[in-house]
Structures are given as structure tokens and as C-alpha cells.
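In this note's numbering, the protein residues as written are 14 to 240. See structure below.
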């Protein structure tokens, strides 16, 4: 029941905005979603299962936003800047994205173990949620690898690909520093990333990646898809 599952996740996310996870009751989530409590348990198995599914959805939503940012028009620096802006925006809009990115889980949040848990669920989406959840380092690696796959052309030299990977990881880690300590001004993260990539390009004496298009001002952070 994909529609019921999404409604339940929406209800759980909304409840988390109002009260600590420890105070969120399964029956209230079911009522808010307009489904039976049995349907809730059929989908998630337990409150822990609901928490894992919620974290998995937020992590997947963040990575989907990364893909959208990488698809915007512009050169490599434009698109890495868009990824950084999206990272800061997503962490600001979702406490769970912020927790997944930083590894800091406050007492208000669910804190599911990142390792896989035994699962007997008949629901494929729940079996995936019961699998390993990404650590901050794994998310950084996933974003870096997505960016490298977009920017590196066929036949790229290993040294060029390695330098590209370092540039991509630099942009993501600068964004995470802005999540922890927001810079002043609306363009703070964009200015930091653009400046760092420009200096790296100048020092290396080569562009950070091929496949550049016309350079334009960085678009605003990718918009979160509707839940």
C-alpha cells in the first residue's frame, strides 16, 4: 500500500515537528494518516521500523535533490555549488536530514542503529529500511560518487578523475561545515564553494572537470520534491 505508507510517513514526520519522538504514539500517527493501526503495523512492524523508514526516506530525498542539483545547467563549479546549496537547504528544512548528514541525533529525534536489523517484513520498502542506514561519511561518499559519475567523461585519466573526486568532496564538506556553522549572508555557502574551487583550479592549473557549459550564477537550492 504505497499511498498508505507515504501518508503514514508524512504523519510521523509532522508529529516529530510537534513533539519528541519518544512522545509520538503509533495510534496517533495512524489516526492522522487516516488508516487503521493494523495497517501501520503491517507496513512498519514496530515504532522502530517506522523510525528507520522515516530516516531512509529523508536520506533518499536528500540524494534525489543532489541528483537534481547536478542536472542544472552550468559548468562544474555551478553544479557543485548547487549541490552545496541544496545540502544546506535540506538540512535546514528537515531535522532528520541534518541528523543523517552530521551524525548528531538530539534527544527529540529517533536514533535508529545504522547497521541492518533482522527483518521479516513482507513489504519491500520496509526490508530496505531495515537494511543499513547511511552514516555521514557514507553520504558524503555517495554525493561525491554521483558527482564524479556526472562530470567524468569516457576515457578520463585516472589522475583527472581523482582530482575531480577531491573537488566534489571538498564542495560537500564545505556545505556540511555551513550546516554546523551557517555563514553570514544568503550567498555564504555559494561564495565559499565557488572561492575554494576557483583557488583549487588556479593552483592545479587545470579545470576541476570536463563537460563545462556556459557559466551562470548558481541556481537556488533544488526544491524538495512533494512528499
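Yeah, the Cβ is synthetic: ideal placement off N, Cα and C, and Gly gets one too.
Assigned exposure category for residue i - 16 Cβ within 10 Å defines buried
i, result
"residue 260", "Residue 260 is absent from the structure shown; the chain starts at 14 and stops at 240."
"residue 140", "exposed"
"residue 124", "exposed"
"residue 175", "exposed"
"residue 164", "buried"
"residue 102", "buried"
"residue 91", "buried"
Residue i versus residue j: straight-line alpha-carbon distance, rounded
i, j, result
"residue 150", "residue 203", "22 Å"
"residue 77", "residue 156", "10 Å"
"residue 153", "residue 93", "13 Å"
"residue 33", "residue 85", "37 Å"
"residue 206", "residue 74", "23 Å"
"residue 186", "residue 98", "12 Å"
Rounded distance between the beta-carbons of residue j and residue i, thought under 8 Å
i, j, result
"residue 114", "residue 96", "Contact flag wrong, Cβ pair sits at about 12 Å."
"residue 160", "residue 181", "4 Å"
"residue 53", "residue 26", "In fact, because the Cβ distance is near 14 Å, the residues do not count as touching under 8 Å."
"residue 127", "residue 108", "No, residue 127 and residue 108 are not in contact; Cβ-Cβ is about 17 Å, not under 8 Å."
"residue 62", "residue 143", "7 Å"
Option nearest residue i by Cα separation, candidates the options
i, options, result
"residue 20", "200, 33, 43", "43"
"residue 71", "132, 33, 89, 100", "100"
"residue 47", "17, 129, 109", "17"
"residue 138", "29, 55, 31", "55"
"residue 147", "111, 120, 134", "111"
"residue 15", "57, 45, 162", "57"
"residue 59", "158, 131, 145, 186", "131"
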